[in-house]
Structure formats: C-alpha cells, structure tokens
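If you're matching them up, the sequences are chains A and B in order. For the first sequence, our numbering assigns the number 1 to the initial residue and increments by one for each residue that follows. For the second sequence, our numbering assigns the number 1001 to the initial residue and increments by one for each residue that follows.
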Amino acid sequence: MNGSNDTQILVLGWNFRGASGAVRERVAFSSDEVRDGLRRLTGRGLVSESVIVSTCHRSEIYGLGNGERAGDELASFVSEWRGLDRAVLEQAGFRRFGAEAVRHLFRVAAGLDSMALGESEVLGQVRQALSIARETGSSHGVLHRLFESAVRAGKRVRTETQIAVHPLSIASIAVELAEKVFGDLPQRTLLLLGAGETATLFARHALEAGLRDLKIANRTAGHAEDLAARVGARVVAWDAVGRDLPSADVVVGTTASPVPVVRRADVEAAMRQRRGQPMFFLDLAMPPDIDPEVRNIYNVFSYDLDGLEEVAAENRRRRSREIPGAEQILEEELERFLGWYGNLSVVPTVTELKRRLEEIRDGELDRLPPDERERLRPLADSIVARLLHEPLRRLKAEKDPAKRLDRVEAIRHLFDLDREE
Amino acid sequence: MHLFGWAAVLLYAAAEALAVRDLFRPRGLGGAPILVGAGLAAQFTDLTITARALGSVPYRTLGGSMALFGWMLGLAYLVLVLRHRERAVGPFLIPFILLFSILAVVFPSHAAPAGPATRGSVFAFHVTLAMLAYAAFALSFVLSLLYLIQNRQIRRGRTGILFARLPALDVIGRMNRTSVTIGLLVLSVSIVLGVAWARRVWTVPVDAKLAWALVTLLVYGILLWMDRRGWAGARVAVLSIVGFILVLFSYTFVNLYLSHSHVFR
C-alpha cells in the first residue's frame, strides 16, 4: 500500500478485550508518561513518527516504521519501559499493520471499538493524543494526517448515523428525559434522597449536566452534610422532606428505606402548591423510595430502575443497528486516507512532477510559430531536465522515511499534484 | 403570473431545508427564520399586487385567501420563534406555510369586483384579523400535536431521534400559550369589528358563523384559563386540538350550510 520501502503505519495495543485489568493498569500512561514515551521512542529511532492513545479502556501506540521489525522493537520497548514480561505483553495485546492499523484507529475514533458503543469521549481522547504528539514533535505528515482523518471519520459517524443519539447509562437517560420535560434543567432544583454511593454518583452526574441547585436529605444528617459539602449542595432535614417537596422539580430516591419516603398524597399536595408545574421522579432505590402510584398524577413523570434498565437495553440494541452505516462511512474515509497515503510514494510523485513540468513546457512552446518551436525545443527540454535533476536526486537519496514522506508531500503541495482534492 | 408568489414558495422551501439541516447543528437560531422573513416579504409583495388588481384585500378568491392565510401563518411562526428563541419547531411548522403558499399560486386569484358589503377598511381589518387568528390557532394545533408526541416519547422512555430533535415540553407549552393568546386577542378584535360592520349592512347582526366564532373564542378562553389553573400540559394540548377542529368546522360546514349572509364568493 505504499512505495516507501517497508515503512508502514503500525499499531501495538492493549484494550479491554484482550488484556486483563492488571495488564491494562501497567500499560495505562498519564499525559506526562505519554510525552516521555514518545520522546524515547522517536529519540531511539524505533519509529520515525509516533502517537500514543491512552484511555481507561485502552493503550495504543501508533508508529511509522519498518513493519514487523518495528512491531518487535516497540514491544521490547514497552516491556522494558513498564517492567512487564514481553511474553505477557504480547499475549494480551494486538498488532496491526498498514490499512488494518488505519481501520483500527478509525473504529476507535468512531466509538465502534468502545465498551459503550458509540460513546463520544474517545473522540476527544484521540484528538488529545494527537495534540500531545505534536507538542513533543513526534508526529509529522503521516500520523498527523492519519489522526485528523480519524477524528473526521469519528465526527461523521456521530453526525450521519444515530449511534450516539440514544443514551446508554441510567443517569444519562434520566438527565435527558428530565431535560425534555423542563427544557432549562440547569435552572431547576434537584432533591436527592439518600447520601450513599448512588447518591454521590448521581449528584456528580447532575452537576456535570449543569444543575446548580442541589438539595440532599438523608436519615442520618451527618452523611447528608458530608455529601453536601463535597458537591456544593444544601441539606434538607429528613422530617422536612414532605414540606420541601413543592420546591423540587426533580426528585431522586437512593435510600435503603424499607417503606416509600415519598407517598402519593405528598406528591398530590406538592402538585397543588406547584399549580400543576411538572415534577420528575427517579427511583434508584430498592425497595422503592417513591410510591409507584405517583406516576398516575397529572404532569408527574416517574421512572424506576427497572424501567430505565429496559430503556438502556433497547438503546444498546438501537446503537448496534447503526454499526453497518458507521462502517460504511469509515470505509469511505479509509479509502480517502489510503488514496492520499499511496500518493506519498516517491515513484508516482516523480512521474507526475515530470509530467507537470512537461505540460508547462509544451504549453509555452505551442505559443511560438512552428519553425521557432522546433528550434527552441531542445533548449526547453534541457531546462526541464536540469530543473528536475537535483530535486529528484535528493528525494530518492533521502534515507529517513518520515523526512522523505514530508518532502514528497511538500512537492505534491507546491506543484499542486493532488488537484482533484 | 405570481412571480413573487413563486419566489415566496422557493424561499419557504429553502427555509425548510435549512431548518432540517439546522436540527443537526448546535445552538443559535439558524438561517431558517431569515429565509421565512424574506419569503414573507416576497409574498406580501404578491398580495399587494393581487390586492391592487382586485381593489380590496384578496380574501374573496381561493388563491388569495390561501396566500393571506399562509402569510399570516408565516408571520405567527416568526413571532413565536423570535419570542421563544427556539428553532426546533421550524421543520414541523414551515411545511404548512409552504403548503399554503403553493396553494396560493396554484388556485385562481381573479374575482368579480367587490360588492358594497365587502368594501372599506373596517371590513378589510375584520377579515384579515380573523385570518391571523385562525393562523395562530393552526400553529397552536401543530404545536399541540408535537407536545403530545413528545409527551408520549418521554413517558415511554423513547430517547430516539424524534425525542432528541423535538423541543422540551415546557418550551412547546410556552409557545402554544403565546400562539393561543395572540389568536384569542386578534379574534376578539375581529369579531368586534365584524359586528360593528354588520350593524351597518345587515338588519340583524347575528348569524351562525358569528355564533360559531364565539364558541371558538370560548373554547380557547377556557384553554388559557386551564393553562393557568394547573392543567397546563397534555390536557391543554388536547383542548387546543379540539379548538382547531371547531375552527375547521366553521371554515367548512358552517360556511357552506349554516351561514348564508356571511359568505362572500
């Protein structure tokens, strides 16, 4: 797929599919470690360009190097760097070369390789990996273009298919539903019943969704105060929950109470005080904190864990149905990238450059009267040949594949050899 | 030849295309309202030309009244979108504006000269305002359908593309309220003008159409009252749909069979 001898794009990686948590932990790199690793990799000349993608579910080292040999060298490098047995690393990881490596990155960027199919965070992580590599000077023409293409492919998949439309987690489903009831969720008030782990997680999710007015009520006031202090919320006394209900737009139950904390009569009273303004209940507790009957009250929206699990399962199925469309887009982008990459080889570039100069020569000669044209042709030929000679010699003599690719790309750009783009 | 009428059709069609495209882009009002505004200007020019030729507001011809209605619909849409800074309803509302602007250029627009009962500015205002009120009620009808669809999606936890593209219930509800309020005020003024005019040309200023208009007024009045009394939401949406069916009834059945003196064709 490329004419620059054996230089090709390769990736060495570990993800949640093949690697155990223990291995993934050892090969998970912080941003500083990524910078350090990139400098060492390119410093030692193992690969001519490199980008490292490291997230909680995957660590992948992309490089431009000499096929299998570069793969082996990368594996040894990681084994030495992270102090892990090479055999263990090899067994837990995977290698891809050329078009397969490119396709892999595109799938990662599109979220097709993620645990939560189509999730969007990974696109930002791919983008960040590129920006760290640029900062350390370890990515040039090829990987730069590769990662930009991957980001574009990822964006296209998310805008042109519905893969990212359906929320997957219980909390994000709840937040989206509430947003579609109120419209201005950040301006609304959230009352959280309970102060345990679920309450903490939900409070953080609500803050991320932009909610600012959080209230927490818990049977043990101390726990409520702790959580309130951590997330910047107010505390509501446990026995005042009923009285406080009318001021809450969203109520989330997470307590271990054996009987419902919020009863139908409480909600009916609250709704009267709210003059029918909608209320949104989310019961994450088992047994329920919120009387299931409240869903029959006008303008009350009420969801429990089972219901939302069903929505999540349905949404997972809906996302999977988008995979073929997403793959179609990735193949288009892959073809586009490989087209560009293939053009980077020296031979076609030399041929095209020659043709371009000859076109110019012929164009100029054609403007002359026929007799003069024949007289001047040898001179024109020799000028073209002399002009081409030195650049082509240098281009062919360049040993460093990355530099050679850079130069080929410069020539293609300066002489406008990719006109159809 | 409706040069400006066709221009309006094209502009509305472009607005719809833009509105659909804008659904997939974040924030801002997008270009659709601007194109609808341009369409309104073109259609207004077309209406003015027709009016000059007829010597009156062009409500007596089928094409003319379609144009007038479509124009009012566009106007009401523009007011709603600008007032609530919400563009997600555009793709659902603009098709109606487009439909009426197409009917306007397709249907005939020539008519016999205006008789004495249908001349003068009071009468022109009466008819024009009635059209505007019905346009506002039509918008409310569409908004109510959207409300019920979105309400159903939310209750069933259907977080699909329609759910994602339709505005929040609160937003649709507020737009609906604005629309009905405009319709109610304008219809009241129109009725007052109509009665004042009728006292001059008829002996008894009461007929079936007037009665029906009063019933419509009552229904939408109850709707607004309910909206304030804690029944805002699906019930108000259903009532708005019922209200619009009454409007359609008065446009068709009452016009054709019950009212004789109140029809000008």
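We treat Cβ as the ideally placed atom computed from N, Cα and C, and that holds for glycine.
- Here A/T254 is near A/G194, since their CB atoms are less than 8 Å apart.
- When secondary structure is reduced to three states using DSSP, A/M279 falls in the strand class.
- Scanning B/F1123, B/I1049, B/L1073 for the CA closest to the CA of B/F1096 turns up B/L1073.
- In chain B, no part has a C-beta under 8 Å from the C-beta of A/N343; the shortest such distance is about 32 Å.
- Under the Cβ distance rule, A/E176 counts among the residues neighbouring chain B, one pair being separated by less than 8 Å.
- If you draw a straight line from the Cα of A/S131 to the Cα of A/E121, it comes to about 16 Å.
- Closer than 8 Å to the CB of B/I1161 there is at least one CB belonging to chain A.
- A/W14 and A/A22 have their alpha carbons spaced roughly 11 Å apart.
- The C-beta of A/G276 comes closer than 8 Å to at least one C-beta of chain B.
- With respect to A/A153, A/I329 sits close: the two C-beta atoms are nearer than 8 Å.
- By the Cβ neighbour-count rule, A/N296 is exposed, with fewer than 16 other Cβ atoms within 10 Å of its own.
- For A/L308, the neighbours in chain B by C-beta distance under 8 Å run, in chain order, G1157.
- Contact between the region 1059-1075 of chain B and the region 1127-1136 of chain B is present, with at least three C-beta pairs closer than 8 Å.
- When the beta-carbon positions are compared, A/L185 and A/A209 come within less than 8 Å of each other.
- Looking at the backbone, the Cα of A/V241 and that of A/R272 are separated by about 16 Å.
- Contact note: A/I173 reaches chain B through G1157, T1159, using a C-beta cutoff of 9 Å and chain order.
- Judged by DSSP in its simplified three-state form, A/F147 adopts helix.
- A/S50 sits away from A/A129, with the two beta carbons spaced by 8 Å or more.
- Boundaries of the beta strand (DSSP E) harbouring A/Q8: 7-15, taken from the DSSP string.
- With fewer than 16 other CB atoms across the displayed protein chains lying within 10 angstroms of its CB, A/A237 is exposed.
- Going by DSSP, A/N66 is part of the beta strand (DSSP E) stretching over 58-66.
- The beta-carbon separation of A/R412 and A/D406, rounded to 11 Å, does not stay under the 8 Å limit for a contact.
- Fully enclosed alpha helix (DSSP H) runs of no fewer than 4 residues occupy 221-231 of the region 200-237 of chain A, in order along the chain.
- Using a Cβ distance threshold of 8 Å, B/V1180 and B/S1250 do not count as a contacting pair.
- With contacts defined as CB atoms closer than 8 Å, A/R373 and A/L379 fail to qualify as a contacting pair.
- Bounds of the alpha helix (DSSP H) holding B/S1190 are 1169-1201.
- The beta carbon of B/Y1077 sits closer than 6 Å to those of L1093, all from its chain and outside the five residues before and after it, given in chain order.
- Interface with chain B (8 Å Cβ-Cβ cutoff): A/P167 is included.
- Among the residues of the region 1129-1157 of chain B, those with a Cβ less than 8 Å away from any Cβ of chain A are Q1150, Q1153, I1154, R1155, G1157, in the order of the chain.
- Contact of B/G1230 with chain A is assigned, a C-beta pair being separated by under 8 Å.
- Only those residues of the region 317-342 of chain A whose C-beta falls short of 9 Å from the nearest C-beta of chain B are listed: R318.
- When DSSP states are grouped into helix, strand and coil, B/G1160 belongs to the coil group.
- Judged by DSSP in its simplified three-state form, A/Y298 adopts coil rather than helix or strand.
- Going by DSSP, A/L193 is part of the beta strand (DSSP E) stretching over 189-193.
- For A/E49, no alpha helix (DSSP H) encloses it; the enclosing beta strand (DSSP E) starts and ends at 49-54.
- The beta carbon of A/Y303 falls within 8 Å of a beta carbon belonging to chain B, placing the residue at that interface.
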